[in-house]
Amino acid sequence: MFRVFASSDGHKTHSDNQQRTVFPEASSNDEAHLRHVRVAILGAGFSGLGMAIRLKQHGHEDFVVIERAADIGGTWRDNTYPGCACDIPSHLYSFSFALNPHWSRTYSPQREIRDYLSCCARRFDILPHIQWNCELLNASWKEDNQRWYITTTQGQLTADIFILGNGPLSEPSLPPIPGIERFDGVMFHSARWHHDYDLTGKRVAVIGTGASAIQFIPHIQPRVARLSLFQRTPPWILPRHDRPIPAWQRVMFRILPITQRFLRTRIYWRLEFAALGLVYRPGMLESAMQIARRHLLRQVPDPLLQAKLTPQYAIGCKRILLSDDFYPALTRPNVEVITDRIREVRAHSIVTEDGREHEIDTIICGTGFHVTDTQLPQYIHGRGGRSLNDSWHEGPRAYYGTSVSGFPNLFLLIGPNTGLGHNSMVYMIESQITYILDCLRIMDRRHLRTVEVRPEIQEAFNTELQQRMRNTVWTSGCTSWYLDANGRNTTLWPGFTFEFRRRTRHFDPQHFDLIPQRASAHIGEAAPIYRMR
Ligand code: NAP
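Numbers in the working numbering are just positions in the sequence shown, counted from 1, shifted up by 2.
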């Protein structure tokens, strides 16, 4: 039987002690009773929480955060698999306005990041704004009163501004392998780890060799009877050099925050340098490939296994992984790396294309997430009732990954083409937040009711992005979750992150259709749109 488990790490949630408040149910004649907010934010992960904090810091109090779970953290709440940690150095992977001098290691473990986010939510008094266990069912822009009508599992509310901070790595992707629904053992996804299930002595199949799998495999390998790793494409892996941060350094960061800021800046520029190779000069990546090959040869003596683990595409085309313990785990006698494709799953086994049947008790899917094909766009309806899904039928596209034509007063955090293969996503999130805050400031100052990016501006922007994408390593011939169904990279930002920050420092009203407040007083009349020249 096919079973996918919810995460359970015994963590006490914020909603445990809170009385649930519910938005009123909507009906045609009780609109006046609907709760209305200036801003509704979807998700309390890094982006939604960061947005909420910055709103508060800028004097906005009239906002709500809609969170489907009972705790803060987004991907850092959901991914609780053994060994889960960040592969961006700790000092950089945090909000610029809330440095954490207490990180215990150079690469923070998941629990510390989740606790850091919880701590930020408390410190900046965001908890009272969060509606827990509240899942979005639908959001529709209503033309007559220029508002978002947001329907959730806890009722309906309306908002002037709707900000999606749901994150690109929130919908686990399960492999559509023939027969998988007939599997009679226990199966779960890495982002829904089943902590109550004891893997000791089990014959475990792991599908996938991405960032998640290479982190949990070294932790489960010593416990299981047999680990069969089904690898479709070998990843490029560089040494990680993770180490504890000494107590004296943590004291120093606390007493002299400038020292941590200095380190943070240094890490930022070191990582940023990689964009040169990934985006502009893929030839520069040769030295990184040599380091990765040496790492493999040092850690895996068996030439046959080395051959299985050697990638045949340019480094960086898929996400570059960091690990010091993945390769050694694969050399243990209870591990087999299987490179033949999976033909089918049976009740107690997996059969590969070579006809071999691998007996197993458990399948762990480290098979990643729905990124360019998420469900959420189906539930967001903009002007004329058109869904974001329909608007994106040729692949996701937006303006600076933040605004979408046809969707007034809607903003996306980590929207299309804002992802990174080389640096901290928090930097991109904060850039987008600055842009949205500046938009709100301009809306208030000029008494604007709505802003909506002009279609030709969005089109020109995306044409520029795709032109720049042509010479990057990401389009050099591998398959990856960076690419959409049409083979376009709609996920990553093709440039330096400081360029993105510079371009999003100020909201650019001349690129938007603007509707003033007073126009909406005449309900039913077509509102005058104006453009700045
Ligand atoms: P992923 O990188 O998308 O890897 C999925 C793996 O599953 C790949 O090896 C893929 O093979 C394989 N796979 C997918 N469908 C399959 C199928 N039908 N049959 C066989 N194999 C299949 O997923 P992830 O490891 O969960 O990581 C996703 C992203 O999360 C990362 O890229 C990263 O951005 C983020 N992440 C970050 C950290 C961190 O340290 N900050 C940690 C974990 C995850 P192919 O390569 O052949 O497609």
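For each residue, glycine too, the CB sits at the ideal point set by N, CA and C.
Quantities reported herein were computed from a predicted structural model and do not represent experimental measurements.
- Would you check if the distance between the CB atom of I517 and the CB atom of T452 is smaller than 8 Å? In this structure, T452 lies closer than 8 Å to I517 by Cβ.
- Counting only the same chain and skipping the five closest in sequence on each side, list residues whose C-beta sits under 8 Å from that of T312. The residues are P236, R295 and L298.
- Message: Measuring only from the beta carbon, is I366 closer than 7 Å to any heavy atom that is part of the ligand NAP?
- Response: no
- Message: Across the region 400-414 and the region 196-216, are there enough close Cβ pairs to call them in contact, namely three or more that are closer than 8 Å?
- Response: As far as the Cβ criterion goes, the region 400-414 does not touch the region 196-216, which means the pair count is below three.
- Query: Would DSSP call Y515 helix, strand or coil?
  - Reply: Per the sequence presented here, residue 515 reads as Asp, with Tyr not at that position. Here D515 sits in strand by DSSP.
- Item | Nearest residue (CA-CA) to G479, options M53, N102, Q314 and N425 | Q314
- Can you give me the start and stop residues for the beta strand (DSSP E) that S192 sits inside? Here S192 belongs to no beta strand (DSSP E), and DSSP marks it neither H nor E.
- Would you give the residue range spanned by the beta strand (DSSP E) that K144 belongs to? Taken as a continuous stretch (DSSP letters only), the beta strand (DSSP E) holding K144 covers L138 to K144.
- So is G75 buried or exposed if we call it buried at 16+ other beta carbons inside 10 Å? buried
- So is the beta-carbon of W476 under 7 Å away from any non-hydrogen atom of the ligand NAP? Every heavy atom of the ligand NAP is 7 Å or more from the Cβ of W476, so no.
- Message: Buried or exposed, going by whether 16 or more other CB atoms sit within 10 Å of the CB of R520?
- Response: exposed
- Under the rule that 16 or more other beta-carbon atoms within 10 Å means buried, what is I163, buried or exposed? buried
- Item | Reduced DSSP category for W150 - H, G, I as helix; E, B as strand; rest coil | strand
- Considering only C-alpha positions, which residue in the set I362, M430 and W195 is nearest to E274? M430
- Message: the ligand NAP and I209: does any heavy atom of the ligand fall closer than 7 Å to the residue's C-beta?
- Response: yes
- Item | Cβ neighbours of N147 in the same chain (closer than 6 Å, five flanking residues each side left out) | none
- Residue of T153, S289, P178 and G368 minimising C-alpha distance to I382: T153
- Go ahead and pull the three-state DSSP assignment for Q223. coil
- Query: Around the Cβ of I128, are there at least 16 other Cβ atoms within 10 angstroms (buried) or fewer (exposed)?
  - Reply: buried
- Message: Once the 5 residues before and after L324 are set aside, which same chain residues still bring their CB inside 6 Å of it?
- Response: D89, L240 and R242
- Message: Could you check if Q217 belongs to the surroundings of the ligand NAP, using beta carbon to heavy atom distance under 7 Å?
- Response: Inclusion of Q217 in the 7 Å shell around the ligand NAP follows from its C-beta lying nearer than that to a non-hydrogen atom of the ligand.
- Item | Supposed close pair H197, F190 - CB separation, criterion 8 Å | Not quite, the Cβ-Cβ distance comes to about 10 Å (not below 8 Å), so this is no contact.
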